[in-house]
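Using the numbering used here, you'd call the opening residue of the sequence shown number 493 and step up by one each time.
See structure below.
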Amino acid sequence: MPHDPFTGLTEFLAVADARSFTAAAASLGVTPTAVSQTIRALEKRLGMPLFVRTTRRVALTEAGAALFHRIRPAAADIADAFDMLEDFRDRPLGHLRLTVPRMAVPVIVTPLMPRFRQAYPDISVEISVDDAAIDITERGFDAGIRIGEAIEKDMIAMRLTPDITWTVVGSPGYFARHGRPATPEDLTRHQAIRYRYPTSGVIYRWEFERAGRDFSVDAPGSVMVNDFLLLLELAEAGLGLAYLPDISVGEAVAAGRLERALQAFLPTSPGLFAYFPARSQAQPKLRVFLDMASTLLRRKG
493 MPHDPFTGLT
503 EFLAVADARS
513 FTAAAASLGV
523 TPTAVSQTIR
533 ALEKRLGMPL
543 FVRTTRRVAL
553 TEAGAALFHR
563 IRPAAADIAD
573 AFDMLEDFRD
583 RPLGHLRLTV
593 PRMAVPVIVT
603 PLMPRFRQAY
613 PDISVEISVD
623 DAAIDITERG
633 FDAGIRIGEA
643 IEKDMIAMRL
653 TPDITWTVVG
663 SPGYFARHGR
673 PATPEDLTRH
683 QAIRYRYPTS
693 GVIYRWEFER
703 AGRDFSVDAP
713 GSVMVNDFLL
723 LLELAEAGLG
733 LAYLPDISVG
743 EAVAAGRLER
753 ALQAFLPTSP
763 GLFAYFPARS
773 QAQPKLRVFL
783 DMASTLLRRK
793 G
C-alpha cells in the first residue's frame, strides 16, 4: 500500500518549530518516544535525515530546513482553512440551495426572502422552482419544500403549513357560459384544465370525498399542463375549471378573477413541509431559514 505523503508532517513541523522532541510531544499530547519514532519513519521514507540530534539541542539539516520552509506556509493555510470552517459551524453563512414547488412561492418564498436577506446578508440563496419530485441529495440541494405525502421516508420533514384544502375554481366568465357544477359527477359536462405530473407523466385525477368515502374523477378537458402557475392563469383566462390548492387561489378569488365550486366535496391533504437529510439539520444557514419560515407562517396562520 502506498504511503500517505502527509504522514509524519505534523510531528515534523512541531519539532522544527520547538527545536525539541519533548516540547513537540507536549504540544501534540503524545509521548516524546512516539514523536521520535514518527520522525525516524519519515526520515527512512524520505531516505535522508531531517534533524541533527545532540544531547543538548535539535537542529534542522539542510534538507530538513528546505522541507520546513516549503511546507510551513501550506500548514498555516490549512490551519486557516479549518478556522474558516468554524464559522460555517457556528455562524449562519454560505450558499443555501432550495427546491420549492410553485404553490410555495406566494405563501412562503415571496414574503420570506426580503426579511431573510436583511437578517442574514452572509447567506446567498438559490431557489429552484420545480413541481417535480427531486432527489435533493443527488441534485445538491440543502433542503426542499413539498406537500407532506410526496416526501421520501428517509428525509427529516418539518411542517410549515397546516393541511391543505383543495378547491375547484373557474372564472366568472366560464361559469356564466357553462354553469356551475353541483356535484363531482357534473364535471363530465364541463371543460377541465388537466394537470400532468412532470416526473411520472401521470395525469392527475381530481379527488373528492362524500359521506366519509374518497373517490376521484377523471375530469375531461382539451388543455393539459404540467405547471401549477400556468394552470391558475389559464383558469383565470376562462379556458376551463382547475383543481388547485386553496392557498394558491386565495388572492385571485378575493380579487374576483376566480370563483370556487364543489366546496362540500373537497378533501384536505398534508400541508407543505420542509425536508432535508439528517446531516443538513446542523447547518446554521438552514436552521435559521427554517426558523424564520416557521415563525412567519405561524404569524400568518
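Where a beta carbon is used, it is the ideal one built from N, C-alpha and C, also for glycine.
Fair warning: this is a prediction, and the values are worked out from it, not measured in the lab.
Exercise. CB Gly-763 to CB Gly-636, shorter than 9 Å?
Worked result: Not a contact, by the Cβ cut-off of 9 Å.
Exercise. Of all the options Ser-519, Leu-501, Ala-568, Pro-769, which has the alpha carbon lying nearest to the alpha carbon of Leu-542?
Worked result: Looking from the CA of Leu-542, the closest CA among Ser-519, Leu-501, Ala-568, Pro-769 belongs to Leu-501.
Problem set entry | For Phe-608 and Phe-781, the rounded distance between their alpha carbons | Looking at the two C-alpha atoms, the distance is approximately 7 Å.
Exercise. What are the partner residues of Arg-651, as DSSP defines its beta bridges?
Worked result: Residue pairing for Arg-651: DSSP places it in a beta bridge opposite Phe-765.
For this session: Grab the span of the alpha helix (DSSP H) containing Ser-519 for me, first residue to last.
Result: Looking at the DSSP string, the run of the alpha helix (DSSP H) that includes Ser-519 is 513-520.
Exercise. Just checking, does the region 687-705 make contact with the region 750-770 on the three C-beta pairs under 8 Å criterion?
Worked result: In short, these stretches touch, since the Cβ pair count reaches three.
For this session: Can you check the region 643-689 for any beta strand (DSSP E) of at least 3 residues that lies completely inside it and give the ranges in chain order?
Result: You should have 648-651, 656-662, 685-687.
For this session: Sort out for me which residues DSSP pairs Pro-759 with in a bridge.
Result: Beta-bridge pairing links Pro-759 to no other residue.
Exercise. How would you label Ser-740, buried or exposed, when you count the other beta carbons within 10 angstroms and need 16 or more for buried?
Worked result: Classification for Ser-740: buried.
Problem set entry | Sequence ranges, beta strand (DSSP E) only - wholly within the region 542-596, length at least 3 | Entirely contained in the region 542-596, the beta strand (DSSP E) runs reaching 3 residues are, in chain order, 543-545, 550-552, 586-592.
Problem set entry | CB contact flag (Phe-574, Phe-504, <9 Å) | Cβ atoms of Phe-574 and Phe-504: not closer than 9 Å.
Exercise. Using the beta-carbon count (16 or more within 10 Å), is Ser-663 buried or exposed?
Worked result: With a 10 Å radius around the Cβ and a threshold of 16 neighbouring Cβ atoms, Ser-663 comes out buried.
For this session: For Gly-742, name the three-state secondary structure that DSSP assigns.
Result: Helix, per DSSP.
For this session: Could you tell me whether the region 738-755 touches the region 654-673, where touching means 3 or more Cβ pairs closer than 8 Å?
Result: Contact between the region 738-755 and the region 654-673 is present, because at least three Cβ pairs lie under 8 Å.
Exercise. If you draw a straight line from the alpha carbon of Ala-711 to that of Ser-616, how long is it in whole angstroms?
Worked result: Roughly 43 Å separates the two Cα atoms.
Problem set entry | Beta bridge counterpart(s) of Gly-636 as assigned by DSSP | DSSP, once it has assigned bridges, lists Thr-591, Tyr-767 as partnering Gly-636.
For this session: Note the first and the last residue of the continuous beta strand (DSSP E) segment covering Val-601.
Result: Note, Val-601: premise wrong, no beta strand (DSSP E); not H, not E.
For this session: Assess, as a yes-or-no matter, whether the region 555-570 is touched by the region 589-604 under the definition of 3 or more beta carbon pairs within less than 8 Å.
Result: Short answer: they don't touch.
Problem set entry | In DSSP terms, what Leu-736 is bridged to | DSSP output for Leu-736 lists Thr-659 as bridge partner(s).
Exercise. Under 9 Å between the Cβ atoms of Leu-588 and Met-784?
Worked result: Contact: no.
For this session: From the DSSP output, in three-state form, read off Asp-706 for me.
Result: Asp-706 falls in the strand class under three-state DSSP.
For this session: Measure from the alpha carbon of Ala-558 to the alpha carbon of each residue in Ala-684, Thr-546, Met-540, then state which is nearest.
Result: Checking every option, the nearest Cα to that of Ala-558 belongs to Met-540.
Exercise. Going by Cα to Cα distance, which pick from Gly-732, Gln-755, Ala-734, Glu-728 is closest to Ala-747?
Worked result: Nearest C-alpha to Ala-747: Glu-728.
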